[in-house]
Each structure stands twice: as C-alpha cells, then as structure tokens.
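*Asks:* Quick one: the structure is below, questions incoming.
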Amino acid sequence: MIDHVRDLASVRDATDRLLTAVTKLNNDSIAEPSRLPGWTRGHVLAHVARNADALVNVLAGRPMYASAETRDADIERDAPRALAAQLADVRESAGRFEAQAAVPADWSRTITMRNGVTDSASRVPFRRWLEVDLHHVDLGIGYELEDLSEEFTQREINFLADRFRDAPGLPAVAIRQDDGRTLFTGAVQGFTEEQVRSGAEPAWDITVSGRQADLLGWLAGRRDGSALTAEGGLLPALPPL
Numbered sequence: 108m109i110d111h112v113r114d115l116a117s118v119r120d121a122t123d124r125l126l127t128a129v130t131k132l133n134n135d136s137i138a139e140p141s142r143l144p145g146w147t148r149g150h151v152l153a154h155v156a157r158n159a160d161a162l163v164n165v166l167a168g169r170p171m172y173a174s175a176e177t178r179d180a181d182i183e184r185d186a187p188r189a190l191a192a193q194l195a196d197v198r199e200s201a202g203r204f205e206a207q208a209a210v211p212a213d214w215s216r217t218i219t220m221r222n223g224v225t226d227s228a229s230r231v232p233f234r235r236w237l238e239v240d241l242h243h244v245d246l247g248i249g250y251e252l253e254d255l256s257e258e259f260t261q262r263e264i265n266f267l268a269d270r271f272r273d274a275p276g277l278p279a280v281a282i283r284q285d286d287g288r289t290l291f292t293g294a295v296q297g298f299t300e301e302q303v304r305s306g307a308e309p310a311w312d313i314t315v316s317g318r319q320a321d322l323l324g325w326l327a328g329r330r331d332g333s334a335l336t337a338e339g340g341l342l343p344a345l346p347p348l
C-alpha cells in the first residue's frame, strides 16, 4: 500500500539533498551540459521547479501543463538563470508543492497527469520523489544511481517494468534482480506477478539480469545497458519515457 505521507517526507529529504549539492556550484557550472542530451544543468533545475508547479496543478484538479509547448517554453525561459535564481525557484516551488499536498483531500482519488495518463493521487508524492532524485543524478555532479536508496530503486524498477508492460514492439522480458526476484515486462499477456511468484512463468523471449542500479539505469534511460546480461537475444530497446 502506498504511504503518501512517508513519500512526502522522502520528497523533502531528496529536495534538501539536491539544494545542498547545487549550492556548491557556480554560475558557470550551471550553464554546462547535464547528462540529458541538449540540456544544461540550468535546464534540469528549471524542469525540477516547473514540475513541482505542474504537480500542484494535478493535485488541485487542474491540467498538469497548459500545453506541451508551454511546458517546453517555460523550461527554455528559466534555464539561463544564475545560480541564486535557480536555487530560489527550486526551493520556493518545492514549498508550493508541499503546501498543496497539505490541503485535506481524498488521496485515493484518480488524477490526470501529462498526456492523459491517470493514476491515484497517492502516487503523486512518489512521482515527485523520482523527479527530484533522478534529475539530481542527471546533473552529473557526483550523485549517482548507486547513491539512491534501496527502496527508491526497487520501487522505480517496479514502476517502470509495469509501465512498459505490453508496450508495442517490446518482446517478453524477464528482469532477474540481484536479490533473486523476477519482474516481467513487455509482451507478456495473461500473467500476473502472483503467478510468476508461484512459479507459473510465461515463456520469456529475453532474460535481463544485473545490478539494481544498472537495471534502473537501463529502464529509466540513464544507462545503455552494457553492464547488464541479456539471455535469449539482444538487450531490447525500450520505448521513450
């Protein structure tokens, strides 16, 4: 069961880590390339701030973004700002998200994300947590996938494996984790996680195994998967997030 209160505390911790790390940078380093193609570190920080405001909209029952074009334009507008302005925006937008999350509400309600994706409101804090922590990694300033908590890493692996279930063009993939657990994704129809745990496994096309951080990196598009082992075929290309 999702504990949104606990996840909100994790969001605060992740935001504090990000702000503490970014404080050590300077205006020149903010303008340098991040690990995301075509984005500077300023783009990443602008996105983190605008995502907080977008999730305020979601929790308040408004559209996440006015449009895809507005979302992109806002990030481009805010990316060139100096370090002090970036820090203030990330901090203040995080405060607005926390204030909206404190408004009494039904956390079991269904909310609408970007591109019409629906989810439980209770998962919004985790979605914010992953935005903050993964984009901290994307800054390329010493915080790596290996530094993410075990809980975060496992939950994000689970989340992405479920997201890619029955994705067009993706074969049936078994994900063998280094703790012995197996997840499945891709073209696997008619099977549940409970059936897999009971030993009733579908016929996998490809089995992918490796360290948790490398599995997360591959699923989240942060690593090319070269550190993973693929049996039964080549490591499949995943759909864009």
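In the numbering used here, the protein residues as written are 108 to 348.
Quick reminder that beta carbons are idealized off the backbone N, C-alpha and C, glycines included.
Remember, predicted model here, so these are calculated numbers, not experimental data.
In or out: LEU290 buried (at least 16 other Cβ within 10 Å) or exposed?
*Replies:* buried
*Asks:* For GLU182, which residues of its own chain have a beta-carbon under 7 Å away from its beta-carbon, when the five flanking residues on both sides are left out?
*Replies:* Going by the sequence as given, residue 182 is Ile instead of Glu. Same-chain partners within the cutoff: HIS150, ALA153, HIS154 and ARG157.
*Asks:* Is it the case that the segment 232–240 contacts the segment 117–133, given that we only count it when at least three CB pairs across the two stretches are under 8 Å?
*Replies:* Taking one beta carbon from each stretch, the segment 117–133 and the segment 232–240 have 3 or more pairs nearer than 8 Å; the two touch.
*Asks:* Can you confirm whether the segment 258–265 touches the segment 137–151 when touching is taken to mean that 3 or more C-beta pairs between the two stretches lie within less than 8 Å?
*Replies:* no
*Asks:* Which runs of the alpha helix (DSSP H) spanning at least 4 residues fall entirely within the segment 151–195, listed in chain order?
*Replies:* 175–185
*Asks:* Beta-carbon separation of ALA175 and GLU253 under 7 Å?
*Replies:* Cβ distance not < 7 Å, so ALA175 and GLU253 don't count as in contact.
*Asks:* Helix, strand or coil, according to DSSP, for ILE264 in the structure here?
*Replies:* helix
*Asks:* Taking the alpha helix (DSSP H) that THR122 falls in, what are its first and last residues?
*Replies:* 111–130
*Asks:* When every heavy atom of the ligand GTP is checked, does at least one fall within less than 6 Å of the C-beta of VAL163?
*Replies:* No copy of the ligand GTP occurs in the structure displayed, which carries no ligand at all.
*Asks:* Per DSSP, what kind of secondary structure is VAL280 in: helix, strand or coil?
*Replies:* strand
*Asks:* Taking the alpha carbon of VAL280 as the point to measure from, which residue in ILE248, GLY287, ALA268 and GLU257 has its own alpha carbon closest?
*Replies:* ALA268
*Asks:* Using CA coordinates, which residue listed in THR122, HIS111 and ARG113 is at the minimum distance from LEU241?
*Replies:* Nearest option by C-alpha distance: THR122.
*Asks:* So, are the CB atoms of PRO343 and LEU277 less than 7 Å apart?
*Replies:* yes
*Asks:* With the cut-off set at 7 Å, would you say TRP325 and LEU341 are in Cβ contact?
*Replies:* no
*Asks:* So ALA159 and ALA186 are in contact, right, with Cβ under 8 Å, and what is the actual spacing, rounded?
*Replies:* Not confirmed; about 16 Å, so no contact.
*Asks:* So, with DSSP's three-state summary, where would you put GLU139?
*Replies:* coil
*Asks:* With a 10 Å radius around its C-beta and 16 neighbouring C-beta atoms as the bar for buried, classify LEU348 as buried or exposed.
*Replies:* exposed
*Asks:* For the beta strand (DSSP E) that contains GLY324, what are its first and last residues?
*Replies:* Premise fails: GLY324 lies in the alpha helix (DSSP H), 319–326, not in any beta strand (DSSP E).
*Asks:* By the DSSP assignment, the beta strand (DSSP E) with ASP240 in it spans what residues?
*Replies:* Premise fails: ASP240 lies in the alpha helix (DSSP H), 231–245, not in any beta strand (DSSP E).
*Asks:* Would you kindly check if the distance between the Cβ of GLN207 and the Cβ of LEU237 is under 7 Å?
*Replies:* No. Outside cutoff.
*Asks:* Three-state secondary structure (DSSP) at GLU338?
*Replies:* strand
*Asks:* Pull up the distance between the alpha-carbon of ILE137 and that of GLY249, whole angstroms please.
*Replies:* 14 Å
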